[in-house]
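Single-structure report; data block below.
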Amino acid sequence: MAKKNDPEPSEFLPLTPAMFHILLALADRERHGYDIMVEVQERTAGEVRIGPGTLYGSLKRMVASRMVEECDERPDPEFDDERRRYYRLTDLGLRVARAEAQRLADLVRTAKRKKLLSKA
Amino acid sequence: MGESNRSQQPITESVSVRLYRALLRAYPSDFRDHYRTELVQTFRDCHRAAYARTRFSGLAGLWLHTVFDLVHSASIEHFENLGREDEAMNNLQRQVIAVLGCIAIIIAAFVLQAYVRNHDVRSLLLFNYVLDPLVVTGVVGNLIVFVLVKATSFNAFRTALWTFLTVSIVLLLVAVLLGLSVDPAFRFGPVLIGYVVSFLFWVGVHWLWSRGHAEPQTA
Numbered sequence: 054m055a056k057k058n059d060p061e062p063s064e065f066l067p068l069t070p071a072m073f074h075i076l077l078a079l080a081d082r083e084r085h086g087y088d089i090m091v092e093v094q095e096r097t098a099g100e101v102r103i104g105p106g107t108l109y110g111s112l113k114r115m116v117a118s119r120m121v122e123e124c125d126e127r128p129d130p131e132f133d134d135e136r137r138r139y140y141r142l143t144d145l146g147l148r149v150a151r152a153e154a155q156r157l158a159d160l161v162r163t164a165k166r167k168k169l170l171s172k173a
Numbered sequence: 077m078g079e080s081n082r083s084q085q086p087i088t089e090s091v092s093v094r095l096y097r098a099l100l101r102a103y104p105s106d107f108r109d110h111y112r113t114e115l116v117q118t119f120r121d122c123h124r125a126a127y128a129r130t131r132f133s134g135l136a137g138l139w140l141h142t143v144f145d146l147v148h149s150a151s152i153e154h155f156e157n158l159g160r161e162d163e164a165m166n167n168l169q170r171q172v173i174a175v176l177g178c179i180a181i182i183i184a185a186f187v188l189q190a191y192v193r194n195h196d197v198r199s200l201l202l203f204n205y206v207l208d209p210l211v212v213t214g215v216v217g218n219l220i221v222f223v224l225v226k227a228t229s230f231n232a233f234r235t236a237l238w239t240f241l242t243v244s245i246v247l248l249l250v251a252v253l254l255g256l257s258v259d260p261a262f263r264f265g266p267v268l269i270g271y272v273v274s275f276l277f278w279v280g281v282h283w284l285w286s287r288g289h290a291e292p293q294t295a
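Note that the protein sequences, when read in sequence, are chains A and B. In terms of the working numbering, the first sequence opens at residue 54 and continues consecutively. In terms of the working numbering, the second sequence opens at residue 77 and continues consecutively.
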């Protein structure tokens, strides 16, 4: 649910590719930094690789703009590593991710209409 | 062969991690201090994965990507910090100008007051009634406003409004009490007008200032 003081998702658009990939990685569950990198790399079949500096720089800005937050609760101790910080999507982050996905979908629709994309 | 690889891995890993840790100096200190552990841990994980995948060719690729990422992200972080420093510097400049402006007004009023008294300019006598409170409320009020704005997150204009209202009333009461007790020819009307004009003048100055340099973060 949108909070009263939350900014509009459109204020953050367009997102940088790294930010959008991070939001996508966090869409299903909370993750630590390396887990985000691996998820992005696997999901894009190695096409997109986010380096540590870009990853934490983006996370810093996303935490500051309240799209992402550090988790207070630790995951299952068996899989936990005390040195790591875990991040999760906030409600604002989810709405920004949706808005960006919609923006990209609109662009793709336009590209299709202009016959820039094959039907396959 | 397998054992040799296993023994080489910790050596290459520790050398790489040390080198990466040294390269983190490229980042601004606040970013580095906050994320150092995670950056190093993430790099170590990447290093292990790259080595496990393709041994040394994987490490070459990792280093190429890491150096590019480091140069790119460190530039962004420094650029952001430059923006913040500029903003802080602009705020400081504005505050210095504000303080100097108030001091200049007070000195000008003080000089005029001295001139009027020394030359006994009768046409400016009412003006003299204004200059007194202008100097006194200016010194006291601006000092209080400056301290309150610095020490709290109060809105600057509202702070100035209430401060000058309070200071003007208190000083007017003091002036009336003193005047009535020491001066048989004390006239309340001009003194009241002087304090009202002085109040309006200083509140006006702060209003103009707050309009010219709106600070939306203050509630």
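We put the CB at the ideal spot given by N, CA and C, even for glycine.
message: Can you tell me whether A:N58 is buried or exposed? The criterion is at least 16 other CB atoms within 10 Å of its CB, across all chains shown.
response: By 1-based counting over the first sequence, the position of residue 58 of chain A is 5. When all chains shown are included, A:N58 counts as exposed.
- request: May I ask you to list, following chain order, the residues of the segment 137-168 of chain A that have a beta carbon less than 9 Å from some beta carbon of chain B?
  value: Per Cβ criterion, the list reads R137, R138.
- prompt: Taking Cβ positions only, does A:S171 come closer than 8 Å to chain B?
  reply: On the first sequence, position 118 is the one that residue 171 of chain A refers to. For A:S171, no CB of chain B lies under 8 Å from its own CB, so it is not counted at the interface with that chain.
task: Going by DSSP, name the residue or residues bridged to A:E122.
output: Counting from one through the first sequence, the residue named residue 122 of chain A turns up at place 69. Answer by DSSP bridge pairing, in chain order: A:R141.
message: To the nearest angstrom, how far is the alpha carbon of B:G214 from that of A:E153?
response: Numbered from its first residue, the second sequence carries residue 214 of chain B at position 138. Numbered from its first residue, the first sequence carries residue 153 of chain A at position 100. Cα to Cα, the separation comes out at about 53 Å.
field: the segment 110-123 of chain B: positions lying closer than 8 Å to chain A by Cβ
entry: Those would be H110, Y111, T113, E114, L115, Q117, T118, F119, D121, C122, in chain order.
Simplified DSSP assignment, three categories, for B:Q293: For the purposes of this step, residue 293 of chain B is taken as the residue at position 217 of the second sequence. Model confidence at B:Q293 stands at a pLDDT of 39, short of 50, so the residue's coordinates are unreliable and nothing is read from them.
- prompt: If you compare alpha carbons, which of A:G106, A:A98, A:V93, A:L170 is closest to B:E114?
  reply: Residue numbering aside, residue 114 of chain B sits at position 38 when the second sequence is read from its first letter. Closest in C-alpha terms to B:E114, from the list A:G106, A:A98, A:V93, A:L170, comes A:G106.
- request: State the Cα-Cα distance for the pair B:A102 and B:H141, rounded to the nearest angstrom.
  value: Residue mapping note: residue 102 of chain B aligns to position 26 of the second sequence, counting from 1. Residue mapping note: residue 141 of chain B aligns to position 65 of the second sequence, counting from 1. About 16 Å.
query: For a contact meaning CB atoms closer than 8 Å, what does A:R102 contact in chain B?
result: In the first sequence, the residue the question calls residue 102 of chain A occupies position 49. Ordered by position in chain B, the residues that pass the 8 Å Cβ test against A:R102 are H141.
Classification of B:F132 by the beta-carbon crowding that lies within 10 angstroms, buried from 16 upward: For the purposes of this step, residue 132 of chain B is taken as residue 56 along the second sequence, with counting starting at 1. Using a 10 angstroms sphere on the CB of B:F132, the tally of other CB atoms stays under 16, which defines it as exposed.
task: Find the nearest neighbour of B:V279 within the set B:V147, B:V192, B:S244, B:C122, judged by alpha-carbon distance.
output: On the second sequence, residue 279 of chain B is found 203 positions in, with the first residue counted as 1. When only C-alpha atoms are compared, the closest one is B:S244.
message: Let me see if you follow: with CB-CB separation under 8 Å, is B:A136 close to chain A or not?
response: In the second sequence, the residue the question calls residue 136 of chain B occupies position 60. Not closer than 8 Å to any Cβ of chain A, the Cβ of B:A136 fails to qualify, so no.
query: Nearest chain A C-beta to B:S149 closer than 8 Å, yes or no?
result: Taking the first residue of the second sequence as 1, we reach residue 149 of chain B at position 73. True, the Cβ-Cβ gap to chain A drops below 8 Å.
message: Helix, strand or coil for A:R82? Go by DSSP, reduced to three states.
response: What you label residue 82 of chain A is simply residue 29 of the first sequence in a count that begins at 1. A:R82 falls in the coil class under three-state DSSP.
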